[in-house]
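In full-length UniProt numbering, the protein residues as written are 1 to 656.
Virtual Cβ for every residue (Gly too), placed ideally from N, Cα, C.
Only one structure is covered here, and it is reproduced in the block below.
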DNA sequence: CTAGGGTTAG
């Protein structure tokens, strides 16, 4: 076939093939000189066989070699073939991808000479080109000077505005399209919905929704998915559910969007349920779906659910891309299996910044700040990965966990020079406070104008708790109340400090102040996974079916502990003040969950309990002793970290 | 033979 052989021949004209008998074009400069003079157009005979050339241009672009496409376009001219409306969009795209505006401008002149500007493909390519090199507004004038009769160029322009974070203009473009009388299509509506989402404007979003209904496009799965996402971004729970229920055809994207919406809003269980409902509904979850549901397992420390999903991914042959593996690492680390997390990490063939970040944070959560720091230093040995702000945050967190002050200061200086956020200052304050350097930490906060920051003050207060510095602790708690008088936790903290100082009168006053203001502290709660169900306990909870047996077990344990010399101690990390007094010493939710674990699970397994608040000193001491008495490993996860109790001691070495 | 859209991890 003649066409075919010319394709093969022209393919040989590449810099990689120096032995080719065909001429080779050594540099772009020569090309520019010749085309700049438009000589080819004066000398070439009119040939119309463009098909093979266009296919060649396309294949170079698809292969990620736009510079070869530019060279091939040049060969095409030399071979006497006149470019057509199929060649120029490809050549324009190639020049845009090689980031050489000059080539693009040359091609623009070809467009004009060949009178191709009325072709909408050519116009789109020119718009993309000019948008990249001289701003979206130049693309806009191109569009409005040629008035094409299809919605695609409008959609492209709207997307270009969205890329510049200008959703207002994007929406304006869409309305001009709607007003022009050209028929709307799904992609145009989807782009408009995205603009509304970016603006977080439900009002505009509903307008788009109505417009979609008028054009009978609201049942289109693409349009519906984009509207769904728009309502998610606007935080409109009712609209999300209403739309989702009404959708006649739901695909994996629809389900993923709604799962993600629940998980982001903290409805982790609901997210898991939806994932199962999706499978039951016959829609196969893809890599996006599992990446959306795994964080729910991570946040609930639902290790078994997470492992089940890991198995599901393998069985269903879901693509194990970077995002999925990152989500798995995070899930394993956050649900207590740091070994599984590092197994996944080690087996990854390609890692991105997130992979390193979640792994470092995982080590930090498990008291291995040293491993986290070592891992961070390893990133530099991996070409192509540059640590970002979040990676530095993880490294600083690791330094705080293991009190590695010097290295932490080095990291902080590095990120401070690049681009620092308040978060990094708070983490630096955490490092200093946990190391007991109270003079340094206050000077640091003053230097960085962070003395009024709630999280920074809480970090200092944590240090005070660890080092029993009640004087500064009291100041911090008082300042917290002053800055945030509506947060009940702050009153609890101050009241507990007064109590720890032996000042019961003041402790009572603070509690009463809190009650008078109608503030209620968060309820403590602990849970444990058993037989695929989550068993949750509140403080002094007696609602569990096996309650009697649980309390009996706790009583037995307390007696054993007293024999071994256990004494309860003063603590200023208590929480739920009113309930505390009724149920101490062993009614705390984590104790109930641990006791339930002891009586329900096999003796060789780890007891894994999760708590929504920090564990108090008494329970921490008790858990240590229980691990020895009952010869069981106990993992206790709180919002900040893991405690691993083995044979009478804890992985945190009593610093938490 | 060509252009535009919706979902993911810290």
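Nearest-angstrom Cα separation, counted from residue 519 out to residue 650: Computed Cα separation, rounded: 34 angstroms.
Helix, strand or coil for residue 194? Go by DSSP, reduced to three states. Under the three-state reduction of DSSP output, residue 194 falls in the helix class.
Sub-8 angstroms separation of residue 249 and residue 221 beta-carbons: Yes. Within cutoff.
Mark residue 275 as exposed unless 16 or more other C-beta atoms lie within 10 angstroms of its C-beta, in which case mark it buried. It counts as buried.
Going by DSSP, what residue range makes up the alpha helix (DSSP H) through residue 298? For residue 298, the uninterrupted alpha helix (DSSP H) segment begins and ends at 287-300.
By how many angstroms is the C-alpha of residue 644 removed from the C-alpha of residue 458? The alpha-carbon separation between residue 458 and residue 644 amounts to approximately 24 angstroms.
Examine the Cβ distances between the stretch 598-616 and the stretch 629-643 and report whether three or more of them are shorter than 8 angstroms. Pairwise C-beta distances place the stretch 598-616 in contact with the stretch 629-643, as three or more of them are shorter than 8 angstroms.
Spatial neighbours of residue 391 in its chain, beta-carbon cut-off 8 angstroms, leaving aside the 5 residues before and after: Hits under 8 angstroms: 353, 356, 357, 360, 376, 379.
Output the distance between the C-alpha atoms of residue 287 and residue 323, rounded to the nearest integer angstrom. Between residue 287 and residue 323, the alpha-carbon positions lie close to 8 angstroms from each other.
Nearest to residue 126 (by Cα), restricted to the options 150, 151, 156, 149: Considering only alpha carbons, the answer is 156.
In terms of alpha-carbon separation, which member of 607, 656, 618 lies closest to residue 646? Considering only alpha carbons, the answer is 607.
Given a threshold of 16 other Cβ atoms within 10 Å of its Cβ, counted over all protein chains shown, does residue 605 qualify as buried or as exposed? The residue in question, residue 605, is exposed, as its Cβ has fewer than 16 Cβ neighbours within 10 Å.
Can you give the beta carbon distance from residue 167 to residue 195, rounded, assuming they're within the 8 angstroms contact cut? Their Cβ separation, rounded to whole angstroms, is 4 angstroms, which keeps residue 167 and residue 195 in contact under 8 angstroms.
On the DSSP letters alone, give me the boundaries of the alpha helix (DSSP H) that residue 554 sits inside. Run containing residue 554: 547-563, per the alpha helix (DSSP H) assignment.
Using a 10 Å radius around the Cβ and a threshold of 16 neighbouring Cβ atoms, would you call residue 345 buried or exposed? Its Cβ being crowded by 16 or more others within 10 Å, residue 345 is buried.
Cβ distance (whole Å) where residue 599 is taken to contact residue 553 below 8 angstroms: With a Cβ gap of about 5 angstroms, residue 599 and residue 553 count as contacting.
Cβ neighbours of residue 394 in the same chain (closer than 6 angstroms, five flanking residues each side left out): The answer, listed in chain order, is 357, 360, 361.
Using 8 angstroms for Cβ pairs, my map puts residue 466 next to residue 434. What's the rounded Cβ distance? With a Cβ gap of about 6 angstroms, residue 466 and residue 434 count as contacting.
Hey, which unbroken runs of the alpha helix (DSSP H) at 4 residues or more fall wholly within the UniProt repeat "PPR" (487-521)? Runs of the alpha helix (DSSP H) inside the UniProt repeat "PPR" (487-521): 488-500, 504-516.
Which of helix, strand or coil DSSP assigns to residue 256: Secondary structure at residue 256: helix, using DSSP grouped into helix, strand and coil.
By alpha-carbon positions, which one of 526, 498, 411, 477 ends up nearest to residue 489? Ranked by how close their Cα comes to the Cα of residue 489, the residues 526, 498, 411, 477 have 477 in first place.
With residue 177 and residue 154 assumed to form a contact (beta carbons below 8 angstroms), what rounded beta-carbon distance in angstroms separates them? That pair is a contact at about 4 angstroms.
Nearest-angstrom Cα separation, counted from residue 439 out to residue 402: Straight-line spacing of the CA atoms in residue 402 and residue 439 works out to 20 angstroms.
Given that a residue counts as buried once 16 or more other Cβ atoms are within 10 Å of its Cβ, and exposed if not, what is residue 326? A residue is called buried once 16 or more other Cβ atoms fall within 10 Å of its Cβ, and residue 326 is buried on that count.
Where the alpha helix (DSSP H) containing residue 331 begins and where it ends: Note, residue 331: alpha helix (DSSP H), 322-334.
Do three or more CB pairs link the stretch 493-502 to the stretch 524-534 at distances below 8 angstroms? As far as the Cβ criterion goes, the stretch 493-502 does not touch the stretch 524-534, which means the pair count is below three.
I'd like to know whether the C-beta atoms of residue 369 and residue 333 end up nearer to each other than 8 angstroms. A distance of 8 angstroms or more separates the beta carbons of residue 369 and residue 333.
Endpoints, beta strand (DSSP E) assigned at residue 534: 533-538 is the extent of the beta strand (DSSP E) around residue 534.
Going by other Cβ atoms of all chains shown within 10 Å of its Cβ, with 16 needed for buried, is residue 428 buried or exposed? So residue 428 counts as buried.
If you measure between the beta carbons of residue 366 and residue 329, is that distance less than 8 angstroms? Result no, Cβ atoms of residue 366 and residue 329 do not sit closer than 8 angstroms.
Please identify the residue among 303, 302, 265, 251 whose C-alpha is closest to the C-alpha of residue 289. Its Cα nearest to that of residue 289, the residue 251 stands out among 303, 302, 265, 251.
By how many angstroms is the C-alpha of residue 97 removed from the C-alpha of residue 384? Cα atoms of residue 384 and residue 97: separation of roughly 20 angstroms, rounded to the nearest angstrom.
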